[in-house]
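Colleague: Oh and the sequence shown: position 390 is 390 in UniProt numbering, straight run, nothing missing. Quick reminder that beta carbons are idealized off the backbone N, C-alpha and C, glycines included. A quick note: this is a predicted structure, and the numbers were derived from the prediction, not measured.
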Amino acid sequence: MTLRLFNTLTKAKDVFTPIDPANVRMYVCGPTVYDFAHIGNARPMIVFDVLFRLLRHRFGTAHVTYVRNITDVDDKINARAALEHPGLPLNEAIRAVTSLTEAQFRTDVAELGCLEPTVQPRATEHIAEMIAMIERLVAAGHAYAAEGHVLFDVPSMPDYGKLARRSLDDMLAGARVDVAPYKQDAMDFVLWKPSKPGEPAWESPWGPGRPGWHIECSAMSWKHLGETFDIHGGGIDLVFPHHENELAQSTCAFGHGVMANVWMHNGFLQVEGEKMSKSLGNFLTIRQLLDDWPGEVLRFNMLRSLYRQPIDFTVKGLEESWRVLDDWYGIAGDVAGDVPATTVVEALSDDLNTPKAIAELHGLKSDPAGLAGSLRLLGLLAEPKADWAARRPASTVDQDHVAALVAERIAARKAKDFAASDRLRDELVALGVVLMDGKDPATGELITTWELKR
């Protein structure tokens with residue numbers, strides 16, 4: 001069974017052949033720990049967790065190394081620390097912010113059903129590797145020091161832009177480029193910069209300072225996966241400049257022309273048809289959603305869309321996901337086994353085609369063991385059937401009253417009193433009732449079935 005993955009670098013579904021089948025290596029960009037992770041941050045965590053599970057299934061658990069980093073040195077972290085802990089020295093304030101938000105992130109993604117990565121490195125633990133890489137780049141003529149900064153010399157790399165497939169002029173027009181007199185070229189980006197008073201600082205050949213964002217991931221992937229590795233993942237928003245700059249740094253530092261063989265990116269997420277933003281009031285953290293929805297519902301709702309496509313996160317979609325999971329738990333919730341159906345593995349092996357895999361799951365209702373094993377491959381069916389059933393809050397709606405309103409609405413429909421029918425529908429929907437209208441196939445009579453939402 002061939003595994004194919006869409007490679008952003010080649011813009012094609014490439015056959016995946018690991019560099020070393022005994023050690024398949026994947027790096028995914030993790031969070032910058034200055035605030036609670038939002039639901040958009042959850043998408044790559046879930047997508048690449050499914051890929052991690054699939055790789056372990058295909059190559060063996062002991063033969064897959066998954067690295068997902070923690071960025072704990074960043075301008076946003078400094079700003080949040082100064083805002084939230086004005087009475088503390090900045091270094092202490094930063095530790096307070098990063099410790100809290102990292103712990104919350106780990107808790108949140110665990111509740112979403114994500115496995116622990118093999119390694120979860122923190123940027124501040126890899127300053128020595130960052131300095132070593134920067135020294136390599138300077139020695140090779142791909143970086144230069146200027147006024148306490150070290151910058152990557154973009155024109156020194158002829159094929160810079162090959163990941164984003166954009167020319168230098170296009171990238172310059174679309175990028176937020178820092179204008180600085182010490183830059184030799186407008187596109188040059190920072191590898192190391194001097195720290196301001198009170199900011200975290202490390203000694204370096206260029207004076208006390210701190211790393212730029214892009215060099216952090218290059219150094220951490222090098223440390224834990226080597227100079228080249230199999231898969232690099234993240235959100236589509238990271239293609240440029242972050243992943244483009246990682247690729248430039250790593251290939252120029254080590255001279256291989258390749259950093260990762262496959263670059264994978266998940267699509268954007270919207271909420272109820274709109275871009276998520278605090279100004280629109282639809283900015284949702286993972287923690288907020290987990291207060292109202294089981295983690296498996298959030299996870300499954302993500303997997304109903306192909307990872308490369310945009311996703312619209314809606315309450316209606318969450319309700320539908322919960323109902324489907326209720327059905328599957330009813331069939332396979334207490335069934336032992338972790339052997340997935342071949343058809344599900346085949347679907348996932350076609351560039352993580354989770355919608356196709358889910359379609360195959362619907363055909364496994366007569367095979368509880370196959371259904372159970374397939375759901376567990378996707379990180380679902382993680383708790384006993386009774387525990388899952390207990391997640392549904394008891395309804396406070398008077399079901400006799402609902403039945404009477406439904407009967408009244410059926411009578412109004414038969415009498416073609418559409419105004420009354422619509423009014424009764426609105427009243428039922430307000431009570432949290434889902435109505436399904438149809439005709440009795442035997443008699444042709446109008447019928448309505450209904451159920452209460454959560």
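1) Where does R83 land, buried or exposed, given buried means 16+ other C-beta within 10 angstroms?
2) Quick one: residues in its chain with C-beta nearer than 6 Å to the C-beta of P18, no 5 flanking neighbours on either side, listed in chain order?
3) Excluding sequence positions up to five away, which residues of its chain have a Cβ less than 7 Å from the Cβ of K76?
4) Here's the rule: buried if 16 or more other CB atoms are within 10 angstroms of the residue's CB, otherwise exposed. What is R423?
5) So L137 is in the alpha helix (DSSP H); what residue range does that whole segment cover?
6) Note down, one range per segment and in chain order, each beta strand (DSSP E) of at least 3 residues found wholly within the segment 313 to 348.
7) Which value, in whole angstroms, describes the spacing of the CA atoms of W206 and V138?
8) Measure the alpha-carbon distance for S167 versus M26 and round it to whole angstroms.
9) Helix, strand or coil, according to DSSP, for E274 in the structure here?
10) Taking C-beta to C-beta, are M157 and A248 nearer than 7 Å?
11) The beta strand (DSSP E) spanning P194 covers which residue range?
12) With burial defined as no fewer than 16 other Cβ atoms inside 10 Å of the residue's Cβ, what is the status of Y307: buried or exposed?
13) Residues bridged to P384 by DSSP?
14) Classify T354 as helix, strand or coil using the three-state DSSP reduction.
15) Tell me whether W293 sits in a helix, a strand or coil according to DSSP, three-state version.
16) I'd like to know whether the C-beta atoms of V239 and L191 end up nearer to each other than 7 Å.
17) Assuming V119 and H265 are in contact, meaning their beta carbons sit under 8 Å apart, how far apart are those beta carbons, in whole angstroms?
18) Using 8 Å as the threshold, is the segment 334 to 347 in touch with the segment 283 to 295, meaning 3 or more CB pairs across them?
19) Give the range of the beta strand (DSSP E) segment to which R409 is assigned.
20) Any idea what DSSP makes of I19, helix, strand or coil?
21) Tell me, which residues are paired with P211 by DSSP?
22) To which residues does DSSP link A419 through a beta bridge?
23) Are the segment 208 to 222 and the segment 91 to 108 touching by the rule of at least three beta carbon pairs closer than 8 Å?
Modeller: Answer, in terms of the structure:
1) Correcting the residue identity first, residue 83 is Leu in this sequence and not Arg. L83 comes out exposed.
2) V24 and D230
3) The residues are T32 and Y34.
4) Classification for R423: exposed.
5) I127 to A139
6) none
7) 11 Å
8) Here the alpha carbons of M26 and S167 stand approximately 28 Å from one another.
9) strand
10) yes
11) Per DSSP, the unbroken beta strand (DSSP E) holding P194 starts and ends at F189 to P194.
12) Looking at its Cβ environment, which holds 16 or more other Cβ atoms inside 10 Å, Y307 is buried.
13) Bridge partners of P384: none, in fact.
14) In this structure, DSSP gives T354 a helical state, which the three-state scheme calls helix.
15) coil
16) no
17) About 21 Å separates the two Cβ atoms, so there is no contact after all.
18) no
19) Run containing R409: none in the beta strand (DSSP E); it sits in the alpha helix (DSSP H), Q399 to K414.
20) Three-state result, I19: coil.
21) W192
22) A419 has no beta-bridge partner at all, per DSSP.
23) no
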